[in-house]
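Read the structure below first, then the notes.
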Amino acid sequence: MSINKIKKTKDFSLIYNKSKKMHTKYAIIFIKENINNEQRFGFVASKKTGNAVQRNRIKRIFKEFVKAHKEKFKKNTDYIFVGKSILKENIKTLKYKDIEKDISKVIK
Numbered sequence: 040m041s042i043n044k045i046k047k048t049k050d051f052s053l054i055y056n057k058s059k060k061m062h063t064k065y066a067i068i069f070i071k072e073n074i075n076n077e078q079r080f081g082f083v084a085s086k087k088t089g090n091a092v093q094r095n096r097i098k099r100i101f102k103e104f105v106k107a108h109k110e111k112f113k114k115n116t117d118y119i120f121v122g123k124s125i126l127k128e129n130i131k132t133l134k135y136k137d138i139e140k141d142i143s144k145v146i147k
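Count the sequence shown with the numbering used here and you get residues 40 to 147, in order.
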């Protein structure tokens, strides 16, 4: 079961500017409906969230969450998950379960 990823810079900018935002402890989720009838996901971890290894781990955890809970997300909607800088201190001890609990609260 694959997920459609948002890849183009143009798409990211459009979603950032015209979307609803949801804040959790570890992430900001940008949500925008689209017209192409598919759900798409983008994952962002900036340098504020740590070095390359940590950023990749953050994105992997977000992707894992999306795969596990794909049916909870609305169809024909774009989602961008942005890791917050609080992840930098916690990423070594952070477990998938922590992020899952955190994001599940706002997805319902």
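We put the beta carbon where it would ideally sit given N, CA and C, even for glycine.
Integer-rounded CB distance, given that residue j should sit under 8 angstroms from residue i
i, j, result
"Glu36", "Asn115", "For the chain, the structure presents residues 40 to 147; residue 36 sits outside this window and is missing."
"Phe82", "Lys102", "6 angstroms"
"Tyr118", "Phe80", "5 angstroms"
"Lys64", "Ile125", "7 angstroms"
Residue i - DSSP class collapsed to helix/strand/coil
i, result
"Ile67", "strand"
"Asn43", "strand"
"Thr48", "helix"
"Ile142", "helix"
Residue span of the beta strand (DSSP E) that contains residue i, given as start and end
i, result
"Lys59", "59-62"
Same chain only: Cβ atoms within 6 angstroms of residue i, ignoring 5 sequence neighbours per side
i, result
"Gln93", "Ile130"
Close Cβ partners of residue i (< 8 angstroms) along its chain, the five nearest in sequence each way excluded
i, result
"Asn95", "Ala84"
"Tyr55", "Phe69, Ile119"
- Length at least 4, wholly inside the region 69-107: the alpha helix (DSSP H) runs in chain order: 91-107
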